[in-house]
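Chains as they are written, first to last, in full-length UniProt numbering: chain A, 1 to 978; chain B, 1 to 978.
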């Protein structure tokens, strides 16, 4: 979260960076060394983050952390290419806990019997006949990491003392701050509450800041501007954490991570009786953002931000918490949480008031509190719906009835909603199944979600409100039952109240080691690994910018399909730092970006003019580039680009494959057809016992390379030559297109790429448009230009994995043997052809997957839609083709009431199969691989176990599958695709 | 002279740069276009200067300039690789005068007869048999430049209007200035005399500045510091130029170029009678510095600087000029020039006084003034000795006697010296030859030059003082004779008084055009020419420096041979901007720089450790690198480097080839011997009619590439990789040495060289030591480091062409046929071996030149001396070997009293000759080439004409020679050297 930490807030702090803990010249820190040696870095862009998360954990722990703590500490780090297994493996050695996965002792593996160190069982990946050391013997390659505490780690090369907190900072007297920032911003840091209140009286509109995790986002993405900011991180009165008679007093500036620690301590000391609320809050905090955010975000910040999807506010409300508020005249008032939230981000707090603390009351006997949250993913995600519920059950006339209840939902309205009618209905009643129907009906009234409610997914979210309550009901019922005061739940329902716990991640990768020469066949640590774990590896963004470098921001289309009426820069050009706006008319060479293959044939300009560097007349998608603004800083460029006023006349847009098919909107010359046998004849001949038809939709996917698209362009020989450093998978394409766009010979354009932070196909052809746009500005102004896309712009403009639509008709026998497949396949090309035709072809080539189909006909088309042009993505159409195949296989299995694996096994390719694109399969291993894997994984047993689990658990299910695939190489050049 | 113009002085000016007048994208200015198309740029480093000198001339001339003006305007520009012929040819088209060289009309050359456009005669370079258009016909290649005025020039590509002086500057009111500069410097620009006087009263120590041509040099090279500077360029009272009754009044701030124009006008108006002084001063100004300096330097600046070698001060003194001086209280006093100069740079001017003007009196009838100057070269050089002499002859009693005489010499003492005794002796005497002996004796007393007089060359300079007077005597005698008042000079003496006039330079280059394909065989304009004439071509110094770049300065040995006792940086490290000092102990890899060939064999470190990056213990020459200082600016780095205090213990040094031979000081393993026939036997056999012996010394030579040694080094991947851009002839050598010095693999070191501003061998191996030194600083600090040698440092440290000593013994017949040569050849390798052995070998291979010598023995050795290591230089030893050969050929000719050409012709190689290194000559063309050239140049006639001229002219001589050479390729690899 470094990007959210204002520089001001670092006053007096000691900052440790990945470069500071170790480097290649002086020696790697053990954390760095482990990650490199365990192959835990690939593109390396995310690597410093992982290293520092782990380092921070080790530095903050008094004893070696557990594996769970390690995984938790990495929850805020994303990796897109290495995969998490080797990273977690690497850091596993720093854990104090042991695990069978890592305990293969040398004696065990030395007794001649091949023990796989990852499973502890006889090794499947090892060829037993070769054990006795033939030169070519296959050795197990799973590296054994012995558990170790972090001071036992090798660290041979690390010869520096661990960094200490500088004594000069420790001895330093903290002073109140008043700093002046860019654009007239002022930053105050009072050291006492009365200083804060005095500031607040001078600047009632001042924003109070603790972690900046909300204000930072508002400033960055919502153009919020705060002139005066008061950092309250050093006001001790706001940092109270006290156990009091009526509950816990929690200062508003207390960080969420501190609150977690404090709650754990309180729960441990007081036991569960009084701490049901504490426990609910603690459990909710586990899924509240990630470690890095919890380390800085504060209790009061979350409350006052009053986000409609705050995970905590429904809990404060339902637990009956109260807020203490102080005004600038030192008057303190108290309000209950329930009354505090007035409207969308509007709270009961005046400009001259400050939230002082929260008082969380103890729970009474038979008072139960439970938290709920449903999000797309558990970690680091915001809720779709969340809730806090509390019930107090008391004995009245021999009956245990609800004496008090509080049900509050978040994420369903502008403020957390209390289910008042439901509460009233429940009070005085005995909690039993009989109440549920009426409670559900009332809940629907209490928590209405209009069809067009912000956030969408209305049906799902409505059902979540009910199911949360149902789970709460089951929970309380179960709790009462444990005290003998209620009937027990049936076993199938128990799964609804068991809270989710994920075991520590485990995984192994098995491969053969065949030494050939010095390195071939060995799992060598790649050459950049050491540079990546130390942060020394330079990416485009790290390249020092030459003097006079300008920074670029794009003017993007806001319409999916529209005619450009006018482009007005009269305001933009007076924006601070503005240095130029470049449009299609400014392109010195050709404004066209065409499909790469056509360009390759004719070196000069694209034949199919289906793409433009800058939209000249008509825009065909949201996010299409209309112009580029360059300015002295990235921020100024963005601000100026925002001020370019484009007027459009809207045109009808095509926004799905279905719409494209309906409108006949296809890219020209993209119809493809492949066939084998005679599908028509087969269907007509009555040999098929069954014929099924269906549709499969395969969605798109953002590449999400960690390093966004970026290029640094600079003129050489005063602009008669253009050089660039680009994050691209195809520097030669950059050279070619930029030369074309600038009207320069190829010899005068140089593109270099040292390394990139992920690409996955997204930097194969699409990266060039940003380099080309930047080069126009650089060429015209004869100044260096750097373009780095913000993540949101990158996602908006660069296209994705192609979404597909497959329509199938399959004929087969009752035994499950496939006889005929008639397939129509469409992909969503977006607004230019780019690589879509090749992707379509590849999907078609993979669309029989590994199944023998005597009669097959596949026809494909690339749909033109008003989306950013979709492009290459890992698999290049293959996964989509296979997924469609796996879908109709499952459809067959359902039809025949057999397991999909049986159907698959029955139809697998075998030696002599001629694929529908003409290849004769020889030495086909698929049957033996299938059988070996089925046996080694105990698939049949596992399938049975899954079935048993599913029939025993009503609210939680498991799945299992075996999916065979093959994958052609060489993309779609047919004769090479074998 | 841009380097001497303080930024302050440009206030209110319009600056036109080479980039401003035209560029590749918008079109070239005609001046640029001509220079490129006439092949007038090679390395291109000097090219912008030539363009701007020409442009300035055209812009300042109301009508097209003459060829003489063009050459004059280029006198301040140096070129080291293109040669001046194509440059002058290129600009010749802008001249208004015509010349037979450029008048070949199309009709003449189109009549089928091959007329060479450069000579107007039937073309010798054209094969007559091929005239009628065979495909392979040889075409005359001498391009015809038709004369043209500069607005008739093609300039097709030039589509910009000529730049105008900006109206806003023209309309702008000039204001007095008070500017604050770096290091507390203050710059005043008063607009009136009283403002100046007031400033002078406030700051008596203030320096008055006009052209900064003296102060700029003092500041740059002599560490002079002036806190307060007053620019008097805008004080009208100091710019007087008036014809008055008693003479000319010349304001002290008048520029020398203005004075030239004014004198020309006055002389034209007044005729020669009153203007003998004016004429002498005008003639002296022609050789006073160059146009650029005369454009800025002032009359008063030159007077007050009081340089002992001022070209004008002896003239002011001898002409009887007076100086008007004003003090801060407005009192004006007058002093005669003779009394103004008090001592070394000490004049009769108090701190509160300002030189106002000079009054140059008219000359009377029979009053003659003459200027004298002898320098190493005529243009842009300072005098060895100069002088001003005036005599007034009057009739007394029927005799024309000297009534007044003034003889003043410059360059012979701290102040211009008046020859008082000689003057007294002459007064009242009649000027005739009889006076000369006594006058010479008195002159020797008047102008004593001690043996150790500053400036050296005492004997030569002494004789100059006498010969100047002799010339003056002849001049006056001749002048009186023209009036019939004296005997005439004999014809042989006339040559002493004819003033030197050089005709406009002419030259042609003839070559064959044989078209092969599109470009081969054609005189194509090279690809960078357009970039070079527009100044758009980037050299190392133009490469934008990355942020945080440090600048380097070297700590150099001040001793030729000494032990380093201590290196003290205690003062240096507190110097402003200091960032580090790196010495031998700081080198991360090997501190050795060895000969390139040994390195090539063993890729890692040099085998012969005969050079160090930084001297570790002992220095072996003045200028050897001891350390490198890096700082934020180049100036700060130099200042800090000056403060590094190195203590030495002196050791005996070897400072010449002779000393080395005497001491047996040779580089190890460098003795070489080549022989053919039997020299001893031949000398012993009495077949030689004559045997001569002798020695030839061949001096060294500074490379003087226009672009000094420079490298920009920067770390990549945080210093795990080192990249550099270097001005070098061998980037691969930079890569290899820097990798070695830093201990990095070759793959982690990159050196790029786009173009260099001349090298000539001086950037073949020696450039690497500066790159290596800079790379140590860059690597250790992980910051970019730029090193650019100042010219003086470059000349001091980089080594030169090898000086040689050849000792020969030649036996030959009376007919002139060479029978035997015994040769010992030594070169001065300096303090490391570098390429000296290869240079020696190459000299040996060329030391028979083109002469057939039946018996030859040559032995060679490389001398170790305490000079900077000498290195490759155009010709690589070849010229030295040939020069030695030509010397003994001349010795033979003298011995035989025949012309050298006869001896050469007699001994030329011919088909079947076996060279002494074993090559059999086949198809040897030397005889036919020799004969053809001798005929086409009318050599025999020309030789006769030279002889006649020389016998007719006692004081001026001509020479003529034909020198044949051959040159082996592939340096010294014998089998390829043919």
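No residue lacks a Cβ here, since even glycine has one placed at the ideal position from N, Cα and C.
Identify which residue in the options has its Cα closest to the Cα of residue i.
i: residue 669/A; options: 493/A, 836/A, 566/A; result: 836/A
i: residue 969/B; options: 955/B, 446/B, 891/B, 874/B; result: 874/B
i: residue 521/B; options: 512/B, 812/B, 528/B; result: 512/B
i: residue 163/A; options: 253/A, 541/A, 892/A, 17/A; result: 17/A
i: residue 507/B; options: 170/B, 941/B, 88/B, 67/B; result: 88/B
i: residue 814/A; options: 688/A, 449/A, 834/A, 789/A; result: 688/A
Excluding the five sequence neighbours on either side, which residues of its own chain have a C-beta within less than 6 Å of the C-beta of residue i, listed in chain order?
i: residue 979/B; result: Residue 979/B falls outside the range modelled here, since chain B spans only 1 to 978, and no answer is possible.
i: residue 79/A; result: 46
i: residue 228/A; result: 186, 203, 206
Suppose the cutoff is 7 Å on Cβ atoms and the five residues either side in sequence are ignored; what does the same chain contact list for residue i look like?
i: residue 430/B; result: 399, 400, 401
i: residue 844/B; result: 672, 674, 825, 858, 860, 881
i: residue 478/B; result: 489, 497
i: residue 850/B; result: 908, 909, 926, 964, 965, 966
i: residue 577/A; result: 631, 632, 633, 636
i: residue 382/A; result: 309, 375
i: residue 19/B; result: 534, 535, 536
i: residue 57/A; result: 65, 69, 70, 73
With a threshold of 8 Å on Cβ separation, who are the neighbours of residue i within its own chain once the five nearest residues in sequence on each side are excluded?
i: residue 177/A; result: 8, 11, 187, 188, 189, 231
i: residue 15/A; result: none
i: residue 152/B; result: Caution is warranted here: a pLDDT of 45 is assigned to residue 152/B, below 50, making its placement in the model unreliable, and no coordinate value can be reported.
Would you call the region 661-668 of chain B and the region 569-589 of chain B touching, i.e. three or more CB-CB distances under 8 Å?
At 8 Å Cβ cutoff, the stretches do not touch.
Note down, in chain order, all residues in the region 537-552 of chain B with a beta-carbon under 8 Å from any beta-carbon belonging to chain A.
Cβ contacts with chain A come from 537, 538, 544, 545, 546, 547, 548.
Closer than 9 Å between beta carbons: that is the criterion. Which residues of the region 716-733 of chain A meet it against chain B?
For the region 716-733 of chain A, residues whose beta-carbon sits nearer than 9 Å to a beta-carbon of chain B comprise 716, 717, 718, 719, 720, 721.
The region 25-44 of chain A in contact with the region 249-261 of chain A per 3-pair CB rule at 8 Å
no
So does the region 547-555 of chain A actually touch the region 641-649 of chain A, counting three or more Cβ pairs closer than 8 Å?
yes
For the pair the region 770-780 of chain B and the region 709-719 of chain B, tell me if three or more CB-CB distances fall below 8 Å.
yes
Can you list, in chain order, the residues of the region 12-30 of chain B whose Cβ is nearer than 8 Å to any Cβ on chain A?
Within the region 12-30 of chain B, those residues whose Cβ lies closer than 8 Å to any Cβ of chain A are, in chain order, 19, 23, 24, 25.
I want to know whether the region 691-700 of chain B touches the region 759-766 of chain B - three or more CB-CB distances under 8 Å.
The region 691-700 of chain B vs the region 759-766 of chain B: no contact.
contact_flag[the region 740-753 of chain A, the region 798-815 of chain A] where n(CB pairs < 8 Å) is 3 or more:
no
Using a Cβ distance threshold of 8 Å, determine whether the region 354-371 of chain A contacts the region 259-279 of chain A, with at least three qualifying pairs required.
yes
Positions along the region 512-538 of chain B whose CB lies within less than 9 Å of some CB in chain A:
528, 530, 531, 534, 535, 536, 537, 538
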